[in-house]
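Worksheet for the structure shown next.
There are 2 protein chains.
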Amino acid sequence: MSDSAHLSAARFLECANDTFGDRLMTAKSAIANYTHGEGHYSGYSPDVVFQPRTIQDVQTVVAKATECALPITAYGAGTSLEGNAAAVHGGICLDFSRMAKIIEVSAEDLMCVVEPGVTREQLNDDIRATGLFFPVDPGANASLGGMIATRASGTTTVRYGSMRDNVLGLKVVLADGSLISTGSRARKSASGYDLTHLFTGSEGTLGFIVEASLKLHGQPDKILSATWDFVTIEDAVNTVIATIQSGIPIARMELLDDTAIRACNAKSALGLPEKPMLFLEFHGSDASVTDQLEQVRAIGDNYGGGALNFATETESRNALWRARHQALWAARALVPNSVAWISDVCVPISHLATAISQAKLAIDASDLVAPILGHVGDGNFHVFFILHPDDVTGWEKARIINNAMIEHALSVGGTCTGEHGIGIGKRDALLQEHGPRSVGVMRQIKTALDPQNLLNPGKIFF
Amino acid sequence: MSDSAHLSAARFLECANDTFGDRLMTAKSAIANYTHGEGHYSGYSPDVVFQPRTIQDVQTVVAKATECALPITAYGAGTSLEGNAAAVHGGICLDFSRMAKIIEVSAEDLMCVVEPGVTREQLNDDIRATGLFFPVDPGANASLGGMIATRASGTTTVRYGSMRDNVLGLKVVLADGSLISTGSRARKSASGYDLTHLFTGSEGTLGFIVEASLKLHGQPDKILSATWDFVTIEDAVNTVIATIQSGIPIARMELLDDTAIRACNAKSALGLPEKPMLFLEFHGSDASVTDQLEQVRAIGDNYGGGALNFATETESRNALWRARHQALWAARALVPNSVAWISDVCVPISHLATAISQAKLAIDASDLVAPILGHVGDGNFHVFFILHPDDVTGWEKARIINNAMIEHALSVGGTCTGEHGIGIGKRDALLQEHGPRSVGVMRQIKTALDPQNLLNPGKIFF
Numbered sequence: 002m003s004d005s006a007h008l009s010a011a012r013f014l015e016c017a018n019d020t021f022g023d024r025l026m027t028a029k030s031a032i033a034n035y036t037h038g039e040g041h042y043s044g045y046s047p048d049v050v051f052q053p054r055t056i057q058d059v060q061t062v063v064a065k066a067t068e069c070a071l072p073i074t075a076y077g078a079g080t081s082l083e084g085n086a087a088a089v090h091g092g093i094c095l096d097f098s099r100m101a102k103i104i105e106v107s108a109e110d111l112m113c114v115v116e117p118g119v120t121r122e123q124l125n126d127d128i129r130a131t132g133l134f135f136p137v138d139p140g141a142n143a144s145l146g147g148m149i150a151t152r153a154s155g156t157t158t159v160r161y162g163s164m165r166d167n168v169l170g171l172k173v174v175l176a177d178g179s180l181i182s183t184g185s186r187a188r189k190s191a192s193g194y195d196l197t198h199l200f201t202g203s204e205g206t207l208g209f210i211v212e213a214s215l216k217l218h219g220q221p222d223k224i225l226s227a228t229w230d231f232v233t234i235e236d237a238v239n240t241v242i243a244t245i246q247s248g249i250p251i252a253r254m255e256l257l258d259d260t261a262i263r264a265c266n267a268k269s270a271l272g273l274p275e276k277p278m279l280f281l282e283f284h285g286s287d288a289s290v291t292d293q294l295e296q297v298r299a300i301g302d303n304y305g306g307g308a309l310n311f312a313t314e315t316e317s318r319n320a321l322w323r324a325r326h327q328a329l330w331a332a333r334a335l336v337p338n339s340v341a342w343i344s345d346v347c348v349p350i351s352h353l354a355t356a357i358s359q360a361k362l363a364i365d366a367s368d369l370v371a372p373i374l375g376h377v378g379d380g381n382f383h384v385f386f387i388l389h390p391d392d393v394t395g396w397e398k399a400r401i402i403n404n405a406m407i408e409h410a411l412s413v414g415g416t417c418t419g420e421h422g423i424g425i426g427k428r429d430a431l432l433q434e435h436g437p438r439s440v441g442v443m444r445q446i447k448t449a450l451d452p453q454n455l456l457n458p459g460k461i462f463f
Numbered sequence: 002m003s004d005s006a007h008l009s010a011a012r013f014l015e016c017a018n019d020t021f022g023d024r025l026m027t028a029k030s031a032i033a034n035y036t037h038g039e040g041h042y043s044g045y046s047p048d049v050v051f052q053p054r055t056i057q058d059v060q061t062v063v064a065k066a067t068e069c070a071l072p073i074t075a076y077g078a079g080t081s082l083e084g085n086a087a088a089v090h091g092g093i094c095l096d097f098s099r100m101a102k103i104i105e106v107s108a109e110d111l112m113c114v115v116e117p118g119v120t121r122e123q124l125n126d127d128i129r130a131t132g133l134f135f136p137v138d139p140g141a142n143a144s145l146g147g148m149i150a151t152r153a154s155g156t157t158t159v160r161y162g163s164m165r166d167n168v169l170g171l172k173v174v175l176a177d178g179s180l181i182s183t184g185s186r187a188r189k190s191a192s193g194y195d196l197t198h199l200f201t202g203s204e205g206t207l208g209f210i211v212e213a214s215l216k217l218h219g220q221p222d223k224i225l226s227a228t229w230d231f232v233t234i235e236d237a238v239n240t241v242i243a244t245i246q247s248g249i250p251i252a253r254m255e256l257l258d259d260t261a262i263r264a265c266n267a268k269s270a271l272g273l274p275e276k277p278m279l280f281l282e283f284h285g286s287d288a289s290v291t292d293q294l295e296q297v298r299a300i301g302d303n304y305g306g307g308a309l310n311f312a313t314e315t316e317s318r319n320a321l322w323r324a325r326h327q328a329l330w331a332a333r334a335l336v337p338n339s340v341a342w343i344s345d346v347c348v349p350i351s352h353l354a355t356a357i358s359q360a361k362l363a364i365d366a367s368d369l370v371a372p373i374l375g376h377v378g379d380g381n382f383h384v385f386f387i388l389h390p391d392d393v394t395g396w397e398k399a400r401i402i403n404n405a406m407i408e409h410a411l412s413v414g415g416t417c418t419g420e421h422g423i424g425i426g427k428r429d430a431l432l433q434e435h436g437p438r439s440v441g442v443m444r445q446i447k448t449a450l451d452p453q454n455l456l457n458p459g460k461i462f463f
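From first to last, the protein sequence lines are chains A and B. For what it's worth, this note's numbering labels the leading residue of the first sequence as 2, then goes sequentially. For what it's worth, this note's numbering labels the leading residue of the second sequence as 2, then goes sequentially.
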């Protein structure tokens with residue numbers, strides 16, 4: 002951190018001390034909790050950590066920070082993967098974990114209003130008895146504010162959409178500390194610029210999400226999960242492609258390659274064959290689930306799929322998805338003292354087989370431990386590069402494979418990130434994907450709303 | 002138009018003449034075609050009309066217009082209802098009707114790429130043989146560029162979403178004539194600010210849409226349409242509310258009140274009972290359509306619904322929806338030499354009965370001819386105020402009812418426009434809905450991208 006940043010922090014502490022006193026945490030031990038996400042970025046430290054409890058808290062602290070020209074970075078559950086919440090220029094870390102109230106659940110309007118620190122599991126536990134659920138499931142038990150900020154998606158997006166599709170409206174604190182509302186509680190609107198979607202995915206660089214209205218969905222009458230092994234990864238992916246092209250409303254369609262299965266077996270004792278597998282889930286009425294299942298089975302049979310292994314009971318189903326959600330930790334256990342560098346491309350569905358095959362070939366040709374997992378129904382997949390921090394050659398190999406994946410995705414009209422965001426690591430790729438004039442428009446918006454570049458500086462843009 | 006605007010137009014004609022010559026239309030007879038939409042706004046004239054044939058045409062003419070500080074307003078199929086395409090400050094009208102090519106249809110990626118002048122019917126006629134369709138259906142045979150610009154929706158939005166949900170990416174010409182791409186062909190992305198959604202619904206005030214990638218959907222195996230009469234409008238609306246709350250994936254759920262039915266009977270010889278009616282459509286497999294139908298029928302039976310009158314054949318189904326789509330013209334035929342002022346509120350579904358009942362009471366208490374129609378599955382409905390242009394008292398009564406509808410919608414968390422946009426007529430309501438700071442953010446974005454306020458000036462903002 003530069004000297005001027007230190008000066009700003011000192012000034013801020015002085016002028017905010019009267020208002021917040023002890024609540025401004027500066028001890029090294031407190032700050033250490035905010036120096037890393039779940040990805041491989043670490044070592045960035047804020048100067049001050051503040052846990053707002055109210056919207057007014059956020060407004061006050063942001064206004065004071067702006068006065069002192071001090072950077073402000075929001076922090077949710079610490080599950081981001083592209084360094085999205087790293088305080089790369091120091092300053093204040095706004096930890097939203099104390100703003101974690103579910104403000105309202107409206108079963109009659111199929112929606113809820115939450116504070117940003119509410120996690121997706123907390124919300125679903127809370128609303129279970131209403132017969133509703135919130136579908137977006139990135140795996141990690143992320144905060145909803147963070148999920149909105151990174152435009153997250155996950156295992157159920159193929160059926161229920163991503164955060165983009167499930168946010169009705171927001172309250173946002175702007176750089177000057179003022180508060181705005183976006184969107185409404187109506188299902189659609191043509192009322193002015195779509196600020197809700199502008200803030201969704203802006204990674205805390207335009208304002209801070211302090212409240213969100215989210216869509217809820219009815220719990221399906223029947224849920225059927227299954228695992229399905231294939232001889233080759235291409236066979237599994239071709240089954241996915243044909244399923245999506247047929248318009249079957251499958252609720253989850255996840256790919257795990259042989260390495261990923263090996264990792265999950267080791268961690269979660271799944272006892273699955275170490276072959277490329279699909280994890281499936283069907284939602285609907287009894288009749289509809291049977292109908293979907295038979296259609297998908299017929300497709301997979303054409304590609305040599307093995308026997309479907311069903312998990313109908315809630316318990317076995319939960320065990321399956323828990324294992325999927327813990328895949329990151331399972332994969333990291335494959336290499337002692339490792340960290341994970343996780344790629345995240347998304348391609349039009351017809352290009353998915355090529356994209357995954359090319360990645361798999363490159364991984365096989367290297368000696369990297371790098372399982373492939375994906376929300377393949379969306380055309381989205383990840384390579385988890387499991388690396389020892391000191392393995393310089395390994396990181397370089399991963400970089401080359403990751404770049405090639407992005408190049409390929411962009412060459413077929415895909416995107417450099419399906420769901421993790423740009424953060425620190427994909428600022429080059431953003432330019433490559435959209436071109437300088439389009440990124441220029443993003444920057445014009447950033448400059449208009451945050452002229453001092455204090456809101457999560459160093460993210461999205463260089 | 003002011004003298005300075007005249008001067009700008011003269012300068013523009015001079016400097017663009019070399020490039021476009023005869024293609025710059027200035028004759029009164031040519032311009033007269035661009036002075037009105039389908040709403041009640043009229044009398045605004047551009048100085049010059051230009052029909053671009055290529056993206057390069059658009060870039061060149063926009064750059065030259067900006068140089069001369071001349072306003073530029075886009076024009077699609079002329080079906081907008083809030084004066085969205087009216088050249089209120091004169092200048093150039095960019096008529097996109099000659100950019101009407103379907104550039105690509107990718108059945109394997111369930112998407113297409115179109116020029117902005119393609120109409121929704123043209124697209125659906127063209128792709129019928131692929132087994133796919135484009136669902137968004139505002140009634141009018143609008144241009145897709147216009148539908149994106151106003152964030153349009155319509156009869157099928159309850160199942161397939163609005164334009165917001167069906168645009169994958171755009172090419173946009175900015176105020177300086179430069180061209181950007183937004184979005185991608187992937188189903189989801191977390192790559193930078195969501196410019197696609199920013200331009201969708203921006204009504205041509207931030208840039209001109211010159212190409213769009215749109216989602217397509219598989220044609221359902223079975224389509225079943227039906228009409229359904231109720232004793233009171235409340236019974237019909239309560240049937241809708243319970244259907245939506247049950248999560249039944251109905252494809253269309255339209256309300257027509259007794260006056261609307263009378264109008265449609267007169268124009269389209271439907272022979273329906275002049276009672277509040279729902280027009281329904283179910284999409285799916287045989288089993289799923291039957292399942293949905295029985296669930297909805299059970300709900301409506303509780304509210305005293307009459308017998309369902311089915312239209313299973315393509316021909317009778319088309320006749321039914323054609324009648325619905327011509328409702329505006331049918332309604333206008335109720336009053337000789339009339340124009341229509343069409344309201345457009347959208348409320349959370351639980352408030353729909355109150356919203357419609359209040360509007361109906363107010364209409365009945367006036368002597369206005371004002372049928373109510375709605376995409377009620379979305380919580381969205383319209384009052385068509387059918388007025389003689391000289392009926393000053395009538396317009397004042399309509400204004401009071403319209404304002405009360407907006408007040409009520411906003412008081413329950415709804416929006417002042419579900420699908421028609423802000424245009425000229427709802428600039429006050431925009432402020433009322435979002436508040437000055439939020440509209441201020443919209444304006445900051447406008448100023449950043451169009452500092453001279455030349456792109457469709459006088460819309461959205463005062």
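Even glycine gets a Cβ: it sits at the ideal position worked out from N, Cα and C.
Rounded Cβ spacing between residue i and residue j (contact assumed at less than 8 angstroms)
{"i": "Thr183 (chain A)", "j": "Leu145 (chain A)", "result": "Contact flag wrong, Cβ pair sits at about 15 angstroms."}
{"i": "Asn85 (chain B)", "j": "Gly140 (chain B)", "result": "Not confirmed; about 15 angstroms, so no contact."}
{"i": "Ser43 (chain B)", "j": "Gly419 (chain B)", "result": "About 23 angstroms separates the two Cβ atoms, so there is no contact after all."}
{"i": "Ser46 (chain B)", "j": "Gly91 (chain B)", "result": "7 angstroms"}
{"i": "Ile181 (chain B)", "j": "Ser439 (chain A)", "result": "4 angstroms"}
{"i": "Thr67 (chain A)", "j": "Gln453 (chain A)", "result": "7 angstroms"}
{"i": "Ala87 (chain A)", "j": "Pro72 (chain A)", "result": "That belief does not hold up - the Cβ atoms of Ala87 (chain A) and Pro72 (chain A) are roughly 11 angstroms apart, past 8 angstroms."}
{"i": "Arg446 (chain A)", "j": "Ala449 (chain B)", "result": "Looking at the sequence shown, residue 446 (chain A) is not Arg but Ile. 6 angstroms between Cβ atoms; contact."}
Per-residue DSSP class, three states only, for residue i
{"i": "Ala341 (chain B)", "result": "strand"}
{"i": "Ser412 (chain B)", "result": "helix"}
{"i": "Asp222 (chain A)", "result": "coil"}
{"i": "Val232 (chain A)", "result": "coil"}
{"i": "Phe386 (chain B)", "result": "strand"}
{"i": "Met148 (chain A)", "result": "helix"}
{"i": "Leu450 (chain A)", "result": "helix"}
{"i": "Glu316 (chain A)", "result": "helix"}
Other residues of its chain near residue i: CB distance less than 8 angstroms, five sequence neighbours each side excluded
{"i": "Gly375 (chain B)", "result": "Glu255, Leu256, Ile357, Asn381, Phe382, His383"}
Close-in-space but distant-in-sequence residues of the same chain around residue i (CB under 6 angstroms, 5 per side omitted)
{"i": "Ala75 (chain B)", "result": "Leu95, Gly205, Phe209"}
{"i": "Phe463 (chain A)", "result": "Arg428"}
{"i": "Met406 (chain B)", "result": "Ser344, Val346, Ala360"}
Cutoff 7 angstroms; reference residue i; Cβ partners in own chain excluding five residues on either side
{"i": "Gln327 (chain B)", "result": "Lys268, Ser269"}
{"i": "Ile387 (chain B)", "result": "Ala332, Arg333, Leu335, Val336, Ser339, Ala341, Val370, Ala371"}
{"i": "Glu116 (chain B)", "result": "Met100, Ala101, Lys102, Ile104, Glu212"}
{"i": "Arg400 (chain B)", "result": "none"}
Item to check | Contact the stretch 56-72 of chain B vs the stretch 8-28 of chain B: 3+ CB pairs below 8 angstroms | outcome: Using a C-beta cut-off of 8 angstroms, the stretch 56-72 of chain B makes contact with the stretch 8-28 of chain B, since at least three inter-stretch Cβ pairs fall below that distance.
Next on the checklist: Assess contact between the stretch 45-60 of chain B and the stretch 87-98 of chain B, defined as three or more Cβ pairs (one per stretch) separated by less than 8 angstroms. Is contact present?
Outcome noted: Look at the beta carbons and you see the stretch 45-60 of chain B touching the stretch 87-98 of chain B: at least three pairs across the two are nearer than 8 angstroms.
Next on the checklist: Does the stretch 407-415 of chain A come into contact with the stretch 400-411 of chain B, if we say contact requires no fewer than three beta-carbon pairs (one atom in each stretch) closer than 8 angstroms?
Outcome noted: They do not touch, by the three-pair rule.
Next on the checklist: Short of 9 angstroms Cβ to Cβ, which residues in the stretch 410-425 of chain A face chain B?
Outcome noted: Going along the stretch 410-425 of chain A in chain order, one finds Ala410, Leu411, Val413, Gly414, Gly415, Thr416, Cys417, Thr418, Gly419, Glu420, His421, Gly422, Ile423 with a Cβ nearer than 9 angstroms to chain B.
Checklist entry - Does the stretch 365-372 of chain B come within contact of the stretch 317-325 of chain B, defined as at least 3 CB pairs closer than 8 angstroms? => result A contact between stretches requires three or more CB pairs, one per stretch, nearer than 8 angstroms, and the stretch 365-372 of chain B fails this requirement with the stretch 317-325 of chain B.
Checklist entry - Would you say the stretch 193-202 of chain B touches the stretch 192-205 of chain A, given that touching needs at least three Cβ pairs under 8 angstroms? => result In short, these stretches touch, since the Cβ pair count reaches three.
Item to check | Near-chain B residues of the stretch 172-195 of chain A - C-beta to any C-beta below 9 angstroms | outcome: Listed by position, the residues of the stretch 172-195 of chain A near chain B (Cβ gap below 9 angstroms) are Val173, Leu175, Ser179, Leu180, Ile181, Ser182, Thr183, Gly184, Ser185, Arg186, Ala187, Arg188, Lys189, Ser190, Ala191, Ser192, Gly193, Tyr194, Asp195.
Next on the checklist: Along the stretch 34-58 of chain A, where does the CB come closer than 9 angstroms to a CB of chain B? Name the residues.
Outcome noted: Taking 9 angstroms as the Cβ-Cβ cut-off against chain B, none of the residues of the stretch 34-58 of chain A qualify.
Checklist entry - If you pair each beta-carbon of the stretch 112-128 of chain A with each one of the stretch 212-222 of chain A, do three or more pairs fall below 8 angstroms? => result Output reads yes: the stretch 212-222 of chain A touches the stretch 112-128 of chain A.
Item to check | the stretch 260-293 of chain B: positions lying closer than 8 angstroms to chain A by Cβ | outcome: Listed by position, the residues of the stretch 260-293 of chain B near chain A (Cβ gap below 8 angstroms) are Ser286, Ala288, Ser289, Asp292.
Next on the checklist: Under 8 angstroms, CB to CB, which of the residues in the stretch 63-84 of chain A have a partner in chain B?
Outcome noted: Those would be none; no residue qualifies.
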